[in-house]
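Worksheet: the structure to be examined is printed underneath.
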Amino acid sequence: MKRLTVILFTFLCAAAVSLYAGDKGQKKAEHGKRPPMTAEQKETMKKMTEKYDANKDGKLDKEERAKMSDEDKDAMKKLFPHAHKAKKKE
434 MKRLTVILFT
444 FLCAAAVSLY
454 AGDKGQKKAE
464 HGKRPPMTAE
474 QKETMKKMTE
484 KYDANKDGKL
494 DKEERAKMSD
504 EDKDAMKKLF
514 PHAHKAKKKE
């Protein structure tokens, strides 16, 4: 009887450890990743890059984003709400 109890307890511990390890790794992989862009977001980013990319590197740097019109900035904020977090004021 003791032997059966020890064997069952060992399998239970092994199962618990493997489940815990699987959950932990999965949460790490999801943390910090951006959600995939929709077709509308991709199209808007392409238009904004074509319109405001002065140095033609395929990216909008800080100076190029500062030159965007208010309408375009609002459109970007609506399409990318996760990217526009409130900035801390010092």
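Counting from 434, one number per residue, gives the positions in the sequence shown under our numbering.
Built from N, CA and C at the ideal position, the CB exists for glycine as well.
query	result
Using the C-alpha atoms, what's the distance from Met481 back to Ser502?	10 Å
Can you tell which of Pro468, Lys435, Thr443 has the C-alpha that lies nearest to the C-alpha of Pro514?	Pro468
Report, in whole angstroms, the separation of the C-beta atoms of Thr477 and Ala508, which I expect to be a contact under 8 Å.	7 Å
Would you say Glu483 and Leu512 are within 8 Å of each other, going by their C-beta atoms?	no
Just to confirm the assignment: which complete alpha helix (DSSP H) runs, minimum length 4, are found wholly within the stretch 464-522?	472-485, 495-499, 503-512
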